[in-house]
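Structure first, then comments.
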Amino acid sequence: MAKIWAGRTAGEMNAAADAFDSSINTDKRMFSQDITGSVAHARMLAHCGIITAEECEKIVSGLESILADIENGSLVIDPSAEDIHSFVECELTLRIGEAGKKLHTARSRNDQVALDLRLYLRDECGPLKECLVELVRTLAQKAHDSADLVMPGYTHLQRAQPVSYAHYLLAYAQMFLRDLSRLQDALRRMDKCPLGACALAGTGFAIDRHYTARLLGFSAPTANSLDSVADRDHCVELAAAFSLIAMHLSRFCEEIVLWAGAEFAFVTVGEGFTTGSSIMPQKKNPDIDELIRGKTGRVYGDLTALLTLLKGLPLAYNKDMQEDKDAIFDALDTVKLCLGVFIPMLKGLEPQPQNMLAAAQKGFINATDLADHLAKKGVPFRTAYKLCGEIVSYCVKTGRVLETLPLEEYKRFSDVFDEDLYADIDLKNCLAKRESYGGPGPQSVKRQLAELEKELEAYI
Ligand code: ARG
């Protein structure tokens with residue numbers, strides 16, 4: 086395809102260099118944003134009297150017909166084109182003649198690509214936010230249904246204190262809520278229009294950048310022309326937000342992989358989300374969760390690629406920046422793909438309350454409550470802590486748990502112990518009384534649910 090920039094040279098490139106230089110396979114996905122940007126640019130040029138109203142109408146209807154034809158498949162994007170910007174411009178000139186050649190007045194591909202990328206990411210983040218909202222909703226629904234399922238909470242992957250399955254799920258809901266707010270935040274900073282910065286130094290034409298920004302739904306134009314075309318902070322911020330989403334999914338998947346195994350048996354993964362083995366007939370493997378965990382590395386890789394890409398670049402535009410799209414698109418695609426399979430997997434995830442309770446009963450997770458019992462009776466907590474440690478050690482040696490150790494034996498450790506200790510270390514009670522703000526007690530979980538629902542409203 087002939088180069089739009091032929092002139093200074095004949096525009097004939099070495100075939101390998103030409104293919105290497107082309108970005109069409111990556112940036113063709115921005116065709117509709119490229120056309121939207123061009124329509125706004127043409128309208129601004131006409132508004133400012135730089136092109137005529139008639140030329141503007143020709144350009145706009147030509148661009149609209151290109152958009153329609155790409156969408157209905159009658160126009161195929163030429164894989165040998167240099168990029169989506171030159172493809173659309175050449176096609177426009179083919180369709181409408183001379184007026185098409187005026188479109189690029191007071192514009193460069195440098196501000197054009199900066200705009201297209203912002204528009205594309207803005208468009209894509211909408212459905213992504215909806216996915217996250219659905220995920221948080223799913224977690225809230227599941228938490229609502231399992232508020233009284235006792236399970237052990239862990240530190241160091243050692244049983245620690247009682248929590249509920251609902252409380253556990255709501256911990257993840259908080260993470261995804263933060264992810265939503267991070268996306269929102271990155272989008273807010275990205276909400277400035279770079280079009281009109283031109284190649285790097287603005288233009289002598291009397292353009293109206295505020296007008297273009299308004300037409301394209303941005304809050305304002307970007308403030309500095311050099312920064313406008315050199316800035317890819319929004320890609321980095323979004324890749325960081327995607328990395329955090331991936332990291333949260335990965336931690337969750339790690340737990341599900343552990344919990345689905347016979348050693349825990351806390352959950353069963355729905356059959357549609359497991360695979361078998363080619364040799365071991367008994368296997369039901371949580372491949373989907375493992376794969377999501379695995380894909381997290383790619384997303385981090387994309388973030389690292391972006392940061393590394395930018396770190397040594399002098400202002401303003403450099404061709405290196407063409408690599409930004411492969412990285413940010415891959416991070417976006419990967420996170421969307423993962424969420425798309427994680428959410429239905431989560432919906433079918435079934436807790437195994439008996440196994441959770443059994444694990445909670447065997448791990449001395451009420452030892453802190455035993456110490457608290459003594460502390461309430463006036464024994465200094467540090468003294469109570471030491472005494473309870475000795476009791477746990479005694480139980481481990483004699484094969485008992487705190488709930489079944491007779492009172493006489495307790496009294497050998499301290500005569501402060503009384504019959505009422507058993508109520509204080511009953512697992513259901515231990516959970517029920519943990520009503521400190523943010524704790525796992527049922528009232529606290531109810532409050533978490535209500536507050537979550539309220540916070541979620543900001544994203545709907
Ligand atoms: N394909 C290029 C990119 O993605 C578009 C901008 C080209 N600008 C230029 N001066 N060659 O960055």
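Per my numbering, the very first residue in the sequence shown carries number 86; after that it's consecutive.
For every residue, glycine included, the Cβ atom is placed at its ideal position computed from N, Cα and C.
These figures come from a predicted structure and were not determined experimentally.
For arginine 244, the uninterrupted beta strand (DSSP E) segment begins and ends at 243-249. The DSSP-derived three-state label of glutamate 322 is helix. Per DSSP, the beta-bridge partners of glutamate 435 are Thr353. A straight line joining the alpha-carbon of proline 164 with that of glycine 526 spans about 60 angstroms. Between the alpha carbons of alanine 443 and lysine 482 lies a gap of roughly 20 angstroms. Not one heavy atom of ligand 1 falls within 7 angstroms of the beta-carbon of serine 249. For the segment 438-514, the full-length alpha helix (DSSP H) segments reaching 4 residues or more read 438-447, 452-461, 466-483, 492-498, 506-510 along the chain. Collapsing the DSSP output to three states places threonine 94 in coil. For serine 123, the CB stays at least 7 angstroms from every heavy atom of ligand 1. Within the segment 158-199, the runs of alpha helix (DSSP H) at least 4 residues long that lie entirely inside it are, in chain order, 169-181. When rounded, the separation of the alpha-carbon atoms in valine 477 and leucine 213 is 49 angstroms.
In this structure, methionine 406 has its beta carbon less than 7 angstroms from a heavy atom of ligand 1. Between histidine 295 and histidine 229, the alpha-carbon positions lie close to 48 angstroms from each other. For tyrosine 522, the shortest C-beta to heavy atom distance toward ligand 1 is 7 angstroms or greater.
Excluding sequence positions up to five before and after phenylalanine 349, its CB lies within less than 6 angstroms of the CB of Leu343, all in the same chain and listed in chain order. The C-alpha of cysteine 338 is placed about 35 angstroms away from the C-alpha of cysteine 473.
In the structure shown, proline 371 adopts coil according to DSSP, grouped into three states.
Contact check for leucine 512 against valine 248 fails: the beta carbons are separated by 8 angstroms or more. For histidine 170, the shortest C-beta to heavy atom distance toward ligand 1 is below 7 angstroms. By alpha-carbon distance to asparagine 195, the top candidate from Asp312, His132, Tyr257 is Asp312.
Taking 4 residues as the shortest admissible run, the segment 368-419 contains the following complete alpha helix (DSSP H) segments, listed from N- to C-terminal end: 372-396. Inter-segment contact for the segment 91-105 and the segment 145-160 is absent: fewer than three beta-carbon pairs are separated by less than 8 angstroms. In this structure, the alpha-carbon of alanine 91 lies about 31 angstroms from that of lysine 396.
CA-to-CA, the gap between tyrosine 239 and phenylalanine 351 works out to about 14 angstroms. Checking the 7 angstroms criterion, the Cβ of valine 198 is within range of a heavy atom belonging to ligand 1. The alpha carbon of alanine 325 has as its nearest neighbour, out of Leu179, Gly379, Ile413, the alpha carbon of Ile413. Glycine 238 carries a strand assignment under DSSP once its states are collapsed to helix, strand and coil. Sequence-distant partners of aspartate 387 (beyond 5 residues in either direction) whose C-beta falls short of 6 angstroms from its own C-beta, in its chain, are Ala324, Ala412, Asp415, Ala416. It is roughly 11 angstroms from the alpha-carbon of alanine 282 to the alpha-carbon of glycine 289. Relative to the Cα of aspartate 106, the nearest Cα in the group Asn403, Leu334, Glu494 belongs to Asn403. Here DSSP, grouped into helix, strand and coil, assigns proline 527 to helix. Glutamate 538 has its alpha-carbon roughly 11 angstroms from the corresponding atom of isoleucine 545. Cysteine 278 carries a strand assignment under DSSP once its states are collapsed to helix, strand and coil. C-alpha of glutamate 176 to C-alpha of glycine 182: approximately 10 angstroms in a straight line. When C-beta atoms of the segment 425-435 are compared with those of the segment 217-227, three or more pairs fall below 8 angstroms, so the two segments count as touching. In chain order, Leu234 place their CB closer than 7 angstroms to the CB of proline 438, counting only its own chain and leaving out the 5 sequence neighbours on each side.
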